[in-house]
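When you number the sequence shown by my numbering, it's gap-free, plus one each residue, and the end is 1088. Encoded as structure tokens, the structure appears first; notes follow it.
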Amino acid sequence: MPSGGYQSGNKNQADFSQAAISKAVLAETLQKPYVLYPGAVGLLGVAGAALLGPSMLFVLPAAAGMAVSLGAWSIDYFLRRDKHAGAYLRQLHRNMSDRRAQALTNLRLELKKGGSQEGLSQLTRLEEKYRVFAELLASKLDPNELTYARYLGMAEQVFLACLDNLQRIVSTIGSVRAIDAAYLADRIGELAAHREPSASQQQELKALRSRMELRQEQLAKIDQWLAQNERAMTSMDETMAAVAQMVTVQGHATTDMETAMKELQALARRASDYSMKRD
């Protein structure tokens, strides 16, 4: 895989953890030509020695190939780790920035069209919180440091998860509007007033009540997504409070801050998992 070819995974599950970064760096460095080709020569030498005997014709290429491969990998992994980690984080940020730009382009108009004032309010507050968080983080950490990129990415995950919820709200509002609640209530009242309704009237009453229940279920989903976003914003506020109190040493955050950011990322994942189950 060439440099810059890092894979970000599920669009809602970008992983900014130290473990994910190390895994990405390992995968990248193991696939460099100057690691693969000498390693392949070494393996061929080992195979030849195993099949035809430990002749120097095979042992020397095997030892040299494996030594060069291991040496090249060690230099790339340990001495250039920050370079590869930075490339991985930049790729995640590019992916999420593209998603954010696409979502914001039409989401505000769609919420206005759907008449979701609470959704519009949340969108405005989410944008402001993300902006303030980025500024606050930049005041505490060097924007060129990996820690800054990791933490900003975690906050962006929460932001995107909330945008996904707002997009689901827009879609659900459309289905709710297609159900005329006033008509259903009137017609249900008329049919229920019959002392001895016919079979067709009973069937119609059952169908109308099912549609009314469906409408209520859709409205409940909207309320749940809105509540989920409010919880996410509360978590962002709590994290910003932790950032404000953060003490750094050479661009690195304290353990308490790392814990707070992991909790923020876990929130984004729970939101994504919950929404996928509800869809």
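Yeah, the Cβ is synthetic: ideal placement off N, Cα and C, and Gly gets one too.
Are the CB atoms of GLY874 and VAL850 within a distance shorter than 7 Å? The residue labelled residue 850 in the question sits at position 41 within the sequence shown. The residue labelled residue 874 in the question sits at position 65 within the sequence shown. Against a cut-off of 7 Å, the Cβ pair of GLY874 and VAL850 comes out as a contact.
Grouping DSSP H, G and I as helix and E and B as strand, with all else coil, what is PRO1006? Along the sequence shown, read from residue 1 onward, the residue named residue 1006 stands at position 197. Residue state for PRO1006 is assigned as coil, using DSSP reduced to three classes.
Measure the C-alpha to C-alpha separation of VAL985 and ARG909 and round it to an integer number of angstroms. Residue numbering aside, residue 985 sits at position 176 when the sequence shown is read from its first letter. Residue numbering aside, residue 909 sits at position 100 when the sequence shown is read from its first letter. VAL985 and ARG909 have their C-alpha atoms roughly 26 Å apart.
Quick one: using the 10 Å Cβ neighbour count with 16 as the cut-off for buried, is GLU1026 buried or exposed? Numbered from its first residue, the sequence shown carries residue 1026 at position 217. Its Cβ having fewer than 16 others within 10 Å, GLU1026 is exposed.
Distance CB(ALA943)-CB(LEU918) smaller than 7 Å: Along the sequence shown, one-based indexing puts residue 943 at 134. Along the sequence shown, one-based indexing puts residue 918 at 109. No, the Cβ-Cβ distance between ALA943 and LEU918 is not below 7 Å.
Let me know if THR1043 comes out buried or exposed under the rule of 16 or more other beta-carbons within 10 Å of its beta-carbon. Taking the first residue of the sequence shown as position 1, residue 1043 is located at position 234. Per the 10 Å Cβ criterion, exposed.
Top-ranked residue by Cα proximity to LEU898, from ALA833, ARG940 and GLU999: If you number the sequence shown from 1, residue 898 lands on position 89. By alpha-carbon distance to LEU898, the top candidate from ALA833, ARG940 and GLU999 is ALA833.
LEU835, enclosing alpha helix (DSSP H) - first and last residue: Here residue 835 corresponds to residue number 26 of the sequence shown, with the count starting at 1. Counting along the chain, the alpha helix (DSSP H) containing LEU835 begins and ends at 827-839.
Tell me whether MET1021 sits in a helix, a strand or coil according to DSSP, three-state version. Your numbering for residue 1021 matches position 212 in the sequence shown. Looking at MET1021 - three-state DSSP - the assignment turns out to be helix.
Determine the contact status of ALA754 and GLY854, defining contact as a CB-CB distance below 7 Å. Residue 754 is absent from the structure shown; the chain starts at 810 and stops at 1088.
Report the CB separation of LEU920 from LEU932 in whole angstroms; it is logged as a contact under 8 Å. What you label residue 920 is simply residue 111 of the sequence shown in a count that begins at 1. What you label residue 932 is simply residue 123 of the sequence shown in a count that begins at 1. Beta-carbon to beta-carbon, LEU920 and LEU932 are separated by about 6 Å, close enough to satisfy the 8 Å threshold.
Return the Cβ separation of MET1021 and LEU993 in integer angstroms, given the expectation that the two are a contact with Cβ distance under 8 Å. Position 212 of the sequence shown holds residue 1021. Position 184 of the sequence shown holds residue 993. MET1021 to LEU993, Cβ: 5 Å. Contact.
Report the rounded CA-to-CA distance for TYR939 versus ALA990, giving the unit in angstroms. Here residue 939 refers to the residue found at position 130 of the sequence shown. Here residue 990 refers to the residue found at position 181 of the sequence shown. Roughly 38 Å separates the two Cα atoms.
Does ASP995 come out as helix, strand or coil in the three-state DSSP assignment? What you label residue 995 is simply residue 186 of the sequence shown in a count that begins at 1. Residue state for ASP995 is assigned as helix, using DSSP reduced to three classes.
Look at the alpha carbon of LEU975 and the alpha carbon of ALA1008, and state the distance between them as a whole number of angstroms. As a position in the sequence shown, residue 975 is number 166, starting the count at 1. As a position in the sequence shown, residue 1008 is number 199, starting the count at 1. Taking the straight line joining both Cα atoms gives about 42 Å.
Can you tell me whether DSSP reads GLU954 as helix, strand or coil? The residue labelled residue 954 in the question sits at position 145 within the sequence shown. For GLU954, the three-state secondary structure derived from DSSP is coil.
Identify whether MET1055 lies in helix, strand or coil by the three-state DSSP scheme. On the sequence shown, position 246 is the one that residue 1055 refers to. Judged by DSSP in its simplified three-state form, MET1055 adopts coil rather than helix or strand.
Would you kindly work out how many angstroms separate the C-alpha atoms of GLU937 and MET1045, rounded to a whole number? Residue 937 sits at position 128 when you count from the first residue of the sequence shown. Residue 1045 sits at position 236 when you count from the first residue of the sequence shown. One alpha carbon belongs to GLU937, the other to MET1045, and they sit about 11 Å apart.
Please determine, among LEU861, SER906, LEU950 and ALA829, the residue with the shortest C-alpha to C-alpha distance to LEU972. Translated into the one-based positions of the sequence shown, residue 972 becomes position 163. For the residues LEU861, SER906, LEU950 and ALA829, the minimum Cα distance to LEU972 belongs to SER906.
How is the alpha helix (DSSP H) around GLN920 delimited, first residue to last? Counting from 1 along the sequence shown, the entry for residue 920 is found at position 111. Before going on, a small fix: residue 920 reads as Leu here, not Gln. In the DSSP annotation of this structure, the continuous segment of the alpha helix (DSSP H) that includes LEU920 starts and ends at 890-923.
Could you say which of GLU927, ALA1053 and ASP885 lies nearest to GLN1037 if we only look at CA atoms? Taking the first residue of the sequence shown as position 1, residue 1037 is located at position 228. Checking every option, the nearest Cα to that of GLN1037 belongs to GLU927.
Helix, strand or coil for ALA990 per DSSP? Here residue 990 refers to the residue found at position 181 when the sequence shown is read from its first residue. Correct three-state label for ALA990: helix.
Residue interval of the alpha helix (DSSP H) (run including SER883): Your numbering for residue 883 matches position 74 in the sequence shown. For SER883, the enclosing alpha helix (DSSP H) stretches over residues 865-883.
Which value, in whole angstroms, describes the spacing of the CA atoms of ASP1032 and ARG1040? Counting from 1 along the sequence shown, the entry for residue 1032 is found at position 223. Counting from 1 along the sequence shown, the entry for residue 1040 is found at position 231. The alpha-carbon of ASP1032 is positioned some 12 Å away from that of ARG1040.
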